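The opening position of the sequence shown corresponds to residue 44 in this note's numbering, with each subsequent residue numbered one higher.
By construction, the Cβ of each residue, glycine as well, lies at the ideal position given by its N, Cα and C atoms.
In this text, all values refer to a predicted model and were calculated from it rather than measured experimentally.
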Amino acid sequence: MPKKFKLGKAKRVANITFEGTDFDGLEVRCGLDLPLKTVMKIQSLMVSEDDAESVEANMIWCDEVLESWNLTDDKGNDIPANSESALAVAPARLLAALVTKWSEFVLEPSANLEKPQSDTPILATLANSSQ
């Protein structure tokens, strides 16, 4: 029986920054390996013209994708990285920019997929595995 592989071992995260923008200095850590169903739901809700669906997309994103950030209020108090805080305090254009940048990372292939799996030709590998 083949060795089992735990999904958590392949977990990817994105560290998103905003150099040269109004949010220069903001650092955000986001998860990239969500179930496809969740990614599709966020993306379909984001393109909706219904404000309630846009809020729902941002809530899902903040609670399931957003891991941490260095965002503070004007008094220097940390703003927790969750939907309750983010939707109450963060500017809408910031959340839109975060979701857009995150989407680009999610769709980017893993570095491991670009490397050849093996130097052994596929047919030789199949022949050896069937013996």
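- Shortest Cα-Cα distance from residue 140 to any of 105, 116 and 119 involves 105.
- Taking all protein chains in view, the Cβ of residue 124 is crowded by 16 or more other Cβ atoms within 10 Å, so the residue is classified as buried.
- Our two residues, residue 67 and residue 78, have alpha carbons roughly 30 Å apart in a direct line.
- Rounded to the nearest angstrom, the Cβ distance from residue 73 to residue 110 is 6 Å, consistent with a contact under 8 Å.
- Per DSSP, the continuous beta strand (DSSP E) segment holding residue 57 begins and ends at 56–60.
- In this structure, residue 85 sits near residue 103, with a CB-CB distance shorter than 7 Å.
- Listed as beta-bridge partners of residue 105 by DSSP are no residues whatsoever.
- Residue pairing from DSSP places residue 74 in a beta bridge opposite 56.
- Only residues of its own chain outside the window of five on either side were considered, and among them 57, 59, 73, 75, 104 and 108 have a CB closer than 8 Å to the CB of residue 145, listed in chain order.
- The C-beta of residue 100 has 16 or more other C-beta atoms within 10 Å across all chains shown, which makes the residue buried.
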